[in-house]
Amino acid sequence: MITFANRLNTVEEYYFSKKLREVNLLKAQGKPIINLGIGSPDLEPPTRVIAAMTESLNDAVAHKYQSYQGLPELREAMAGFYKEHFGVSLSPLSEVLPLIGSKEGIMHISMAFLNEGDEVLIPNPGYPTYESVTKLVGATPVFYDLLAENDWCPDLIALEKSDLSKVKLMWISYPHMPTGATASNKVFEDIITFAKRHNILVVNDNPYSFVLNKYPRSILKYKGAKDVCLELNSLSKTFNMAGWRVGMVSGRSEYIDAILKVKSNMDSGMFYGIQKGAIEALKCSKMWFISLNSVYEERRQKVWDLATALNCTYDKTATGLFVWAKLPSHKTAEAYIDMILKEHSIFVAPGTIFGSNGEGYIRFSLCATVEELDEAIARVK
């Protein structure tokens with residue numbers, strides 16, 4: 018048998034890839050599983066998006082290879098979206114790059130900037146892909162603590178006391194996944210100052226800004242941000258287009274050029290119809306966000322009721338597509354979610370998959386109907 022690459026020894030199969038096999042097996046056995054584990058939007062994209070994609074299939078260029086940089090009008094729509102909603106000016110020619118999902122961008126950025134032996138600051142808790150991609154490219158993860166008592170924001174004073182000489186990259190994500198915490202203006206400004214002092218590239222992973230969040234922010238709006246920052250964004254949650262795989266990375270043109278060197282060697286462009294649909298999504302009025310959030314507000318109240326029934330506590334000021342709930346004392350996350358799955362046929366995510374600081378927490382997704390959530394509450398009660 019041919020041996021595998023050594024880099025595979027540094028990572029494991031993604032948690033949800035493994036756990037969902039178990040969940041699907043239970044379903045196949047007739048268990049009425051309610052899945053509140055993953056944030057895969059179950060709502061429809063805007064009608065105009067579907068119409069634009071359908072109409073585009075008859076265009077002469079619809080089935081040809083597309084530009085590695087995306088359609089000019091897509092980049093213009095992305096830049097326009099940032100200007101309208103974040104107050105950030107971006108050149109559609111050089112400061113924004115469409116991606117086949119923002120998750121793709123984590124790999125592209127890491128390959129463009131990291132050498133073997135470089136260190137990467139990764140939030141604990143945080144998105145597990147930051148760690149796995151860092152390991153896959155031969156760099157070294159260095160975890161920094163996010164704690165409830167610090168509003169799930171980095172303690173930069175503590176970081177200043179550590180050896181940062183090998184740190185090349187820092188991942189942040191505000192609004193934060195999984196906790197739903199937001200960063201204030203001062204937090205963003207302090208992170209930029211920290212990054213400049215230590216010559217660190219900061220990447221803000223920002224796909225949740227428009228879900229139950231009154232004040233969407235981009236780190237690129239702050240003074241000097243483009244010198245040391247990039248931002249990832251996505252249409253997955255904002256427009257219910259997770260399976261379409263449309264994201265973007267924005268920032269300084271030299272940084273975008275470096276990422277394009279990687280990307281252009283890994284894909285042959287995004288399908289034309291998806292790009293045309295994405296353009297329409299990015300032009301949606303504020304009524305779209307109001308309508309979307311009215312659905313999630315109702316669902317979140319139900320999830321709060323479910324969390325209360327499970328004797329968990331939660332922060333009502335948190336934003337985003339999830340409810341991050343603290344378990345009763347002396348309960349461990351993985352044992353608790355297994356108990357809920359076994360006794361109530363409800364699947365939720367254990368906080369530990371996001372890092373050691375997730376112990377004692379579980380995460381509920383809002384991607385379930387009110388009827389499903391009512392059923393979950395009834396099972397627990």
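Its first residue numbered 18, the sequence shown is counted upward by one per residue in our numbering.
Where is the CB? At the ideal position from N, CA and C, for every residue including glycine.
Mind checking residue i: buried by the 16 CB within 10 Å criterion, or exposed?
i      : result
Val78  : exposed
Ser454 : Outside the shown range of the chain, which is 18 to 398, sits residue 454, and nothing can be said about it.
Leu218 : buried
Leu91  : buried
Gly264 : buried
Lys185 : buried
Phe21  : exposed
Ser251 : buried
Ala409 : Only positions 18 to 398 of the chain appear in this structure, which leaves residue 409 out of reach.
Thr64  : exposed
Arg316 : buried
Asn60  : According to the sequence displayed, residue 60 carries Leu and not Asn. Exposed, because fewer than 16 other Cβ atoms sit within 10 Å of the Cβ of Leu60.
Ala366 : buried
Ser235 : buried
Ile19  : exposed
Are residue i and residue j touching if we call contact CB-CB under 8 Å?
i      : j      : result
Ser267 : Leu299 : no
Lys254 : Met70  : no
Asp222 : Leu249 : yes
Ala212 : Val245 : yes
Ala342 : Ile379 : yes
Phe364 : Ile126 : no
Ser382 : Phe339 : yes
Tyr239 : Phe205 : yes
Leu176 : Trp169 : no
Pro140 : Ile189 : yes
Pro115 : Gly134 : no
Gly337 : Asn167 : no
Lys152 : Thr27  : yes
Pro195 : Phe371 : yes
Val154 : Met128 : yes
Pro224 : Ser373 : no
Met95  : Val113 : yes
Quick one: give me the first and last residue of the beta strand (DSSP E) that residue i is part of.
i      : result
Thr157 : 157–162
Gly264 : 264–268
Tyr378 : 378–382
Leu116 : 113–116
Asp222 : 218–222
Glu136 : 136–141
Glu248 : 246–251
Trp188 : 184–189
Val228 : No beta strand (DSSP E) holds Val228; DSSP gives it neither H nor E.
Val340 : 339–343
If I'm right that residue i touches residue j with Cβ under 8 Å, what's the distance once you round it to whole angstroms?
i      : j      : result
Arg269 : Ile117 : In fact, because the Cβ distance is near 22 Å, the residues do not count as touching under 8 Å.
Cys329 : Gly56  : Not a contact, Cβ separation roughly 18 Å.
Phe256 : Val66  : 7 Å
Gly286 : Tyr82  : 6 Å
Ala11  : Gly197 : With the chain covering only 18 through 398, there is no way to say anything about residue 11.
Lys348 : Ile394 : No, Lys348 and Ile394 are not in contact; Cβ-Cβ is about 19 Å, not under 8 Å.
Pro58  : Gly368 : Contact flag wrong, Cβ pair sits at about 22 Å.
Glu136 : Ala156 : 7 Å
Could you spell out where the alpha helix (DSSP H) holding residue i opens and where it closes?
i      : result
Glu90  : 89–103
Asn202 : 202–215
Val320 : 303–326
Asp355 : 350–361
Met18  : From DSSP, Met18 is part of no alpha helix (DSSP H); its letter is neither H nor E.
Ile394 : 387–397
Between the alpha carbons of residue i and residue j, how many angstroms are there, rounded?
i      : j      : result
Val279 : His361 : 46 Å
Tyr191 : Phe130 : 22 Å
Thr325 : Lys35  : 28 Å
Val228 : Thr146 : 22 Å
Leu138 : Tyr289 : 36 Å
Glu72  : Lys333 : 42 Å
Ile273 : Pro89  : 15 Å
Glu314 : Lys183 : 43 Å
Pro171 : Glu376 : 18 Å
Lys203 : Val150 : 29 Å
His215 : Pro345 : 40 Å
Glu392 : Leu42  : 21 Å
Ser311 : Met304 : 11 Å
Ser106 : Glu271 : 16 Å
His193 : Gly47  : 36 Å
Arg24  : Glu93  : 38 Å
Gly122 : Glu389 : 34 Å
Trp321 : Leu53  : 13 Å
Ser400 : Ser111 : Not covered by the structure: residue 400. The range shown for the chain is 18 to 398.
Ile174 : Tyr161 : 12 Å
His80  : Ile291 : 11 Å
Tyr31  : Leu327 : 27 Å
Met356 : Thr199 : 31 Å
Asn282 : Glu39  : 36 Å
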